[in-house]
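J.: For the sequence shown, counting from 1, position 117 maps to 118 in this note's numbering; every step adds exactly one.
The beta carbon of each residue, even a glycine, is placed where N, CA and C say it ideally should be.
A single structure is presented below for examination.
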Amino acid sequence: MSAPARFDSHSVYTPDFPHGPVRPFRAWKAFWGLVGDRDDTRFVFDFFQAVNGKTAGPYFRRYLASEFGQKTLADPEYIDTLLLDRRRLEAAGPDSVAAAYLHYLDSEGLHPLGVHDAAVASAPELYARMDRDYPEYSVMRRSTSILHDLYHVLTGYGRDPLGEAVLLVFSGVQSGNRGATWLGHLAGLRIRSEMRSWPVGKMMRNTTRMAREADDLGLTDPASYLHLPLDEARARFNLKPDPVYRHLRDTYTGPEPVSGAS
Numbered sequence: 002m003s004a005p006a007r008f009d010s011h012s013v014y015t016p017d018f019p020h021g022p023v024r025p026f027r028a029w030k031a032f033w034g035l036v037g038d039r040d041d042t043r044f045v046f047d048f049f050q051a052v053n054g055k056t057a058g059p060y061f062r063r064y065l066a067s068e069f070g071q072k073t074l075a076d077p078e079y080i081d082t083l084l085l086d087r088r089r090l091e092a093a094g095p096d097s098v099a100a101a102y103l104h105y106l107d108s109e110g111l112h113p114l115g116v117h118d119a120a121v122a123s124a125p126e127l128y129a130r131m132d133r134d135y136p137e138y139s140v141m142r143r144s145t146s147i148l149h150d151l152y153h154v155l156t157g158y159g160r161d162p163l164g165e166a167v168l169l170v171f172s173g174v175q176s177g178n179r180g181a182t183w184l185g186h187l188a189g190l191r192i193r194s195e196m197r198s199w200p201v202g203k204m205m206r207n208t209t210r211m212a213r214e215a216d217d218l219g220l221t222d223p224a225s226y227l228h229l230p231l232d233e234a235r236a237r238f239n240l241k242p243d244p245v246y247r248h249l250r251d252t253y254t255g256p257e258p259v260s261g262a263s
């Protein structure tokens, strides 16, 4: 992927992003498609397009104008270089964000670029079209996808269906992305219908509050915190992992819900 033209926040040029009218039926169809196959990211993109309208615009422009956004526009593989350098990550020390991130990847059998690569593999034509028609937006989407696993570590949410749902809400609230927020809530409602004793609503409220009170992770260069102790990084960004979610994950031993969205 070649680097798009550098964005200048003082320029009259305004990069475009995919948007259109809200289409509830298309969103509903995409949601149930995702329930049937939570790994098919085509349904995620369809859902976002169906409900986002122009809500992605303000955050997209903040991203482009940020120092971190400028870095990724100048080098769309900046994140790859950072997160694929295992030797550098290991050198950060055993209590660091980097160490917790590597442990998360290794314990889950994940690759640093796995989320993005899986998305592209599931819908290569769609992503090729986005690269061609919305290159700056595509850079932001790529960065967000690759950093998804790191946000799991920082927020304390696991990769289970509930953890994915509340992290979607967290990310949606931080970015103003209606699609992520609604998809997370719908997934949470679906999980709640299966696991009636789980306080899903309380966890959704907790993640919403944390997202509003925390610094914006999506506009922050990971190079500025990967070397920090995990607790120090969380304190710096005002991230307070949800004790309700943590207690549930530490004590629950039954079958996982089959629903959820990732």
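Contact between the segment 233 to 243 and the segment 156 to 165 is defined here as three or more beta-carbon pairs at a separation below 8 Å; is this criterion met?
T.: The answer is yes - the segment 156 to 165 touches the segment 233 to 243, with three or more Cβ pairs under 8 Å.
J.: From L84 to Y152, what does the alpha carbon distance come to, in whole angstroms?
T.: As a first step, residue 84 must be located in the sequence shown, where it is residue number 83. As a first step, residue 152 must be located in the sequence shown, where it is residue number 151. Cα-Cα distance, rounded: 13 Å.
J.: Using the Cβ count rule (16 or more neighbours within 10 Å means buried), how would you classify V140?
T.: Here residue 140 corresponds to residue number 139 of the sequence shown, with the count starting at 1. Its Cβ being crowded by 16 or more others within 10 Å, V140 is buried.
J.: Helix, strand or coil: which one does DSSP assign to V259?
T.: For the purposes of this step, residue 259 is taken as residue 258 along the sequence shown, with counting starting at 1. Looking at V259 - three-state DSSP - the assignment turns out to be coil, as it is neither helix nor strand.
J.: Measuring alpha carbon to alpha carbon, tell me which of T73, P256, E195, G110 ends up nearest R142.
T.: As a first step, residue 142 must be located in the sequence shown, where it is residue number 141. For R142, the nearest C-alpha among the options comes from T73.
J.: With respect to the alpha helix (DSSP H) encompassing Y60, which residues constitute its N-terminal and C-terminal limits?
T.: If you number the sequence shown from 1, residue 60 lands on position 59. That run of the alpha helix (DSSP H) goes 57 to 66.
J.: Where does the unbroken alpha helix (DSSP H) through A31 begin, and where does it stop?
T.: As a working note, residue 31 is residue 30 in the sequence shown. Residues 25 to 37.
J.: Which residues in the same chain have their Cβ closer than 8 Å to the Cβ of H117, if we skip the five residues on either side of it in sequence?
T.: Within the sequence shown, residue 117 is the residue found at index 116, counting from 1. These residues qualify, in order along the chain: R143, S146, I147.
J.: Between which residues of its own chain and F69 is the CB-CB distance below 7 Å, once the five residues before and five after are set aside?
T.: By 1-based counting over the sequence shown, the position of residue 69 is 68. Around F69: L220, T221, D222.
J.: I need the DSSP call for P125, collapsed to helix, strand or coil.
T.: If you number the sequence shown from 1, residue 125 lands on position 124. Helix, per DSSP.
J.: Check this for me: beta carbons of L231 and A93, under 8 Å apart or not?
T.: For this step, residue 231 is matched to residue 230 along the sequence shown. For this step, residue 93 is matched to residue 92 along the sequence shown. No, the pair does not count as a contact, with Cβ atoms beyond the cut-off.
J.: Looking at R160 and E109, is the spacing between their C-beta atoms short of 8 Å?
T.: In the sequence shown, the residue the question calls residue 109 occupies position 108. In the sequence shown, the residue the question calls residue 160 occupies position 159. Yes, they are a contact pair.
J.: Assign F46 to buried or exposed, taking buried as 16 or more other Cβ atoms, counted over all protein chains shown, within 10 Å of its Cβ.
T.: On the sequence shown, position 45 is the one that residue 46 refers to. Flag for F46 reads buried.
J.: Compute the distance between the beta-carbons of W199 and L168, then report whether it is under 8 Å.
T.: Within the sequence shown, numbered from 1, the residue matching residue 199 stands at position 198. Within the sequence shown, numbered from 1, the residue matching residue 168 stands at position 167. No, they are not a contact pair.
J.: Using DSSP with H/G/I as helix, E/B as strand and the rest coil, what is P230?
T.: The sequence position of residue 230 within the sequence shown is 229, counting from 1. Looking at P230 - three-state DSSP - the assignment turns out to be strand.
J.: DSSP three-state label for S97, please.
T.: For this step, residue 97 is matched to residue 96 along the sequence shown. In this structure, S97 counts as strand in the three-state DSSP scheme.
J.: Out of L90, D38, R62, G164, state which residue places its alpha-carbon closest to the alpha-carbon of D251.
T.: Here residue 251 refers to the residue found at position 250 when the sequence shown is read from its first residue. Selected option, being the one with the closest Cα: G164.
J.: Restricting to Cα atoms, I'd like to know which of A166, G202, L103, S172 is closest to Y215.
T.: Looking up residue 215 in the sequence shown gives position 214. According to the sequence provided, residue 215 is Ala. The question's Tyr does not apply to it. The option with the nearest alpha carbon to A215 is S172.
J.: Would you be able to state if there are at least three C-beta pairs under 8 Å between the segment 190 to 198 and the segment 54 to 71?
T.: No, the segment 54 to 71 does not touch the segment 190 to 198.
J.: Please name the residue, chosen from F48, G58, H228, A129, that lies closest to R27 on a Cα-to-Cα basis.
T.: The residue labelled residue 27 in the question sits at position 26 within the sequence shown. Cα-wise, what sits closest to R27 is F48.
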